[in-house]
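For the sequence shown, the numbering used here begins at 174 and goes up steadily by one.
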Amino acid sequence: MKQGIDDKRRMASVVLLERFVRDIYPIKHSKAIQPLQWSILRYLSEMPADRCEVRWIAEFLGLTRAPVTRAIATLEARNLVRQEINSQDARTKKVVLTEQGLHILASDPIILAAERIRQLSEPDQEQFMKSIRTLALKFGSDESEQY
């Protein structure tokens, strides 16, 4: 009996986590910057230029190149990134944040999520961060590829 209750509580917790993540992206229409696109913008703002090619972005995000390439094309059409021929290897292109792309990162929904976590008590923040880190590192994207 207790295991059934615990399983329901675990599932409810995951549903709440999903809702928490979904709710940090308040604008959900097709013209809005989508979660994958935000991830790409964040990646570009943090990584050195030699790691800003589609292959590195896709690897970091645990995705194939196709969805990353489509997301970059959308970001480029919105003037948030541009692609430049790689001076080290003309067969590849570097993806670079534009000024507008850098500016839009100030409204990154992840900032709201971090602020909500900051509102927890210090012990709860530490426990949350430890648990999320453990889940992400122990059960990374490799398992999702089974489905």
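The beta-carbon is built from N, C-alpha and C at its ideal position, and this holds for glycine as well.
Taken in chain order, the complete alpha helix (DSSP H) segments of 4 or more residues contained in the stretch 261 to 311 are 272 to 277, 282 to 291 and 295 to 311. Inclusion of residue 258 and residue 241 in the CB contact set at 8 Å is not warranted, their separation being larger than that value. For residue 245, the enclosing alpha helix (DSSP H) has its first and last residue at 238 to 250. Counting C-beta atoms within 10 angstroms of its own C-beta, residue 248 has 16 or more neighbours from the protein chains shown and is therefore classed as buried. Beta-bridge partners assigned by DSSP to residue 256: 268.
Residue environment for residue 217: buried (at least 16 other C-beta atoms within 10 angstroms of its C-beta).
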